[in-house]
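Sequence lines, in order, name chains R and H.
Okay, so the first sequence: first residue is 1 according to the numbering used here, each after it adds one.
Okay, so the second sequence: first residue is 1001 according to the numbering used here, each after it adds one.
Positions of the beta carbon are idealized from the N, C-alpha and C atoms, including for glycine.
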Amino acid sequence: MKILVAVKRVIDYNVQIRVKEDGTGVVTDNVKMSTNPPDDNAVEEAVKIKEAGKATEVVAVTIGEEKAQETVRKALAVGADRGIHVKTDGTLEPLAVSKLLQKVVEKEKPDLVFMGKQAIDDDCNQTGQMLSALLNWPQATFASKIDVKDGKLEIVREIDEGLETIEVNIPAIVTCDLRLNEPRYASLPNIMKAKKKPVDQLNASDLGVDISPRVEQIKVEEPPKRKAGIKVANVAELVQKLKNEAKVI
Amino acid sequence: MSVLLIAEHNNKELRPFTLNAVTAASQIDQDVHAVIIGYNSEEAEKALSALPAVKKVISVEAPHYENFTAENFAPIIAKLAENYTHIVSSANTFGKNLMPRIAALLDTSQVSDIIKVISNDTFIRPIYAGNAFATVKSNDKKKCVTIRPTSFDPCESTGGLAPIEKVDGLEEFVQTKFIKREEVKSDRPELGTARIVVSGGRGMQSGDNFKLITEVADKLGAAIGASRAAVDAGYISNDHQVGQTGKVVVPDLYIAVGISGAIQHLAGMKESKVIVAINKDGEAPIFSVADYGLEADLFEALPQFLAELNKLNTIQK
């Protein structure tokens, strides 16, 4: 069984986001970038499945500018076998990403495709579901537990009301929740070894897919700021303020 | 031009956020039709038909629609979409799971989680965990839009009587099988719509200690929330998580206890009307969004808080 894992390079989750003064986006120059956090969970799960002897190969794929390759290298350093970098400049919408991934799936013929449930930059939460639709495969979204069975996966999904369990036939798409596992850290020797693992480069423009944007970003602005609050001295004062000043209890 | 709203329900009743989605849909265009897909869902159909903002209900029933799998729902909605310019649903786990599958079938670039309708093609949506707001214009002929339910008021729920049209379903998608749903039953208000939310974080130190939160929530008639750290640590179940990858809540009063206030948590609660933070670390980022901050040990403060509440003659419910 072969698992393809899609990873995205995003602004690190710890960075305080700053909006550009001209309203064209957020500041990305000299800002720390990392792999999208739930994509790390997707890589970890694929590697664990391989370590359990239930998969033979884990291939990490990313789509983006030259530096996006860093996310593939990181996946290789924690156990992926080889990488694919689909090169493209400019912003891509999830629909375009899923069309490019569809081409990679047609070429690689994986049994499973894993990715994070949502990217923490655009917060779209679309790509896995769209890829499933394009391939007409089952989709197991927001997975917090995966059991590999004979030709099937049993998945526990996190939904608003609690948990849902589904069974999907392979091939399938799984989008991963942060609670799926605890991603490992790459050791220095493994980071060195990862540099020798193969990474194929493809050009998005060679894949015959229309990736032009359909949604125009008109402006990006800072959200309204909250007014500074006060510190209360004790619980009695807190309750008095809530009752008589804020009038919410 | 008209809008197709996807109703969320449990085959008996409408899920509350359907009403918020109807409001957003009517802001895009007054001509709102609503599709309800399920099995033995007559009660929910009637509730949908009673919404005055809904001009027509389309009902699709079949056994394989009973459990709302996106693989079964998407093709029939994509087919019905022929007659509409917009497809709209809530951006909760139901809509997040379903809408992109429809959008891809329609070759449309979806606009997720909007908080404001500017015009029928232009919307505002939060990005980067709500640290920036993007105004976006969709140039697709058909537009697939999910709406953040807490940013729109629920629509009027009675007085309408929209005609109900029955439509046949499509074939079952057999590669996905529903097994079970474990819903956490509770007499408390739902987290997403509660007037007051009391949330605990890593500072609670154990699941048992959450009873301190429960007691205060009981007294206030509040829902219980949690930070991701508290859910990850197993103190409380996932349906309580507030934040970027959990639920977004906008209550009148949000009380954050033992929560440091990572940006991912703030993304889920910073639009609340009044925010209280109780934390022993005076430097915790949660204080930067709190209207009232109490720097204190929660294990002393929560019992005192309960005692002070008990002294009050009346508490708003």
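- In the DSSP assignment, Pro37(R) falls within the unbroken alpha helix (DSSP H) covering 37-51.
- Boundaries of the alpha helix (DSSP H) harbouring Val239(R): 235-240, taken from the DSSP string.
- Less than 8 Å divides the Cβ of Gly1192(H) from the Cβ of Lys1247(H).
- Taken in chain order, the unbroken stretches of beta strand (DSSP E) that lie wholly in the segment 1163-1251 of chain H and span 3 residues or more are 1164-1167, 1176-1183, 1196-1200, 1223-1226.
- Neighbours of Glu44(R) across chain H, judged by C-beta separation under 7 Å, do not exist; the nearest C-beta is about 15 Å away.
- Around the beta-carbon of Pro1126(H), 16 or more other beta-carbon atoms lie within 10 Å, marking it buried.
- For the beta strand (DSSP E) assignment, the uninterrupted runs of no fewer than 3 residues enclosed by the segment 1019-1079 of chain H are, from N- to C-terminal side, 1032-1038, 1054-1061.
- When secondary structure is reduced to three states using DSSP, Ser98(R) falls in the helix class.
- With respect to chain R, the C-beta atom of Thr1135(H) has a partner C-beta closer than 8 Å.
- Linking Lys1141(H) to Thr1108(H) through their CA atoms gives a straight-line distance of about 8 Å.
- Of all residues in the segment 157-169 of chain R, only Glu158, Ile159, Asp160, Glu161, Gly162, Leu163, Glu164, Thr165, Ile166, Glu167, Val168, Asn169 come within less than 7 Å of chain H when Cβ atoms are compared, listed by chain position.
- Contacts with chain H at 8 Å (Cβ-Cβ) do not include Pro183(R).
- Of all residues in the segment 19-52 of chain R, the ones placed with a Cβ closer than 7 Å to any Cβ belonging to chain H are Val19, Val26, in chain order.
- Looking at the DSSP output, Gln139(R) bridges to Ile173(R).
- Ile1179(H) has its alpha-carbon roughly 16 Å from the corresponding atom of Gly1038(H).
- Only buried fits Asn181(R), as 16 or more other CB atoms lie within 10 angstroms of its CB.
- Using a CB distance cut-off of 8 Å, Val7(R) does not count as an interface residue toward chain H.
- Within 10 angstroms of the beta-carbon of Lys1311(H) lie fewer than 16 other beta-carbons, which makes it exposed.
- Here Ser1049(H) has Val1057, Gly1160, Leu1161, Ala1162, Pro1163, Ile1164 as same chain residues with Cβ atoms under 8 Å from its own Cβ, once five neighbours each way along the sequence are excluded.
- The shortest C-alpha to C-alpha distance from Ala1301(H) to any of Ile1315(H), Ala1230(H), Gln1264(H), Ala1277(H) is the one to Ala1277(H).
- Lys109(R) does not reach chain H, its nearest Cβ partner there being about 17 Å away, counting only Cβ pairs nearer than 7 Å.
- If you look at Phe1123(H), you'll find it in the beta strand (DSSP E) that goes 1122-1127.
- If the five residues before and after Ala1025(H) are omitted, its C-beta is found closer than 7 Å to the C-beta atoms of Val1003, Leu1005, Val1032, Val1088, all from its own chain and listed in chain order.
- Take Gly1268(H), set aside five residues on each side of it, and the residues of its chain with a beta-carbon closer than 7 Å to its own are Val1242, Gly1243, Gln1244, Gly1246, Lys1247, Val1248, Val1249, in chain order.
- By the criterion of a C-beta distance shorter than 6 Å, Ile1077(H) is surrounded in its chain by Ile1102, once the five residues flanking it on both sides are discounted.
- For Gly116(R), the uninterrupted beta strand (DSSP E) run begins and ends at 112-116, by DSSP.
- Out of Phe142(R), Glu51(R), Lys243(R), the CA that lies nearest to the CA of Thr165(R) is found in Phe142(R).
- Take Arg1015(H), set aside five residues on each side of it, and the residues of its chain with a beta-carbon closer than 7 Å to its own are Glu1008, His1009, in chain order.
- The C-beta of Asp150(R) has fewer than 16 other C-beta atoms within 10 Å across all chains shown, which makes the residue exposed.
- From the beta-carbon of Ser1237(H), the residues of chain R found nearer than 9 Å are Gly162, Leu163.
- Against chain R, the beta carbon of Ala1229(H) has no neighbour under 7 Å; the closest one sits roughly 11 Å away.
- Between Asp39(R) and Val7(R), the beta carbon gap of about 4 Å places them in contact (Cβ cut-off 8 Å).
- Among the CB atoms of chain H, one or more fall inside 8 Å of the CB of Ile17(R).
- Taking C-beta atoms under 8 Å as the contact rule, Val78(R) and Val47(R) qualify, at a distance of about 6 Å.
- A residue is called buried once 16 or more other Cβ atoms fall within 10 Å of its Cβ, and Gly1261(H) is buried on that count.
- In the three-state reduction of the DSSP assignment, Leu131(R) falls in the helix class, which pools H, G and I.
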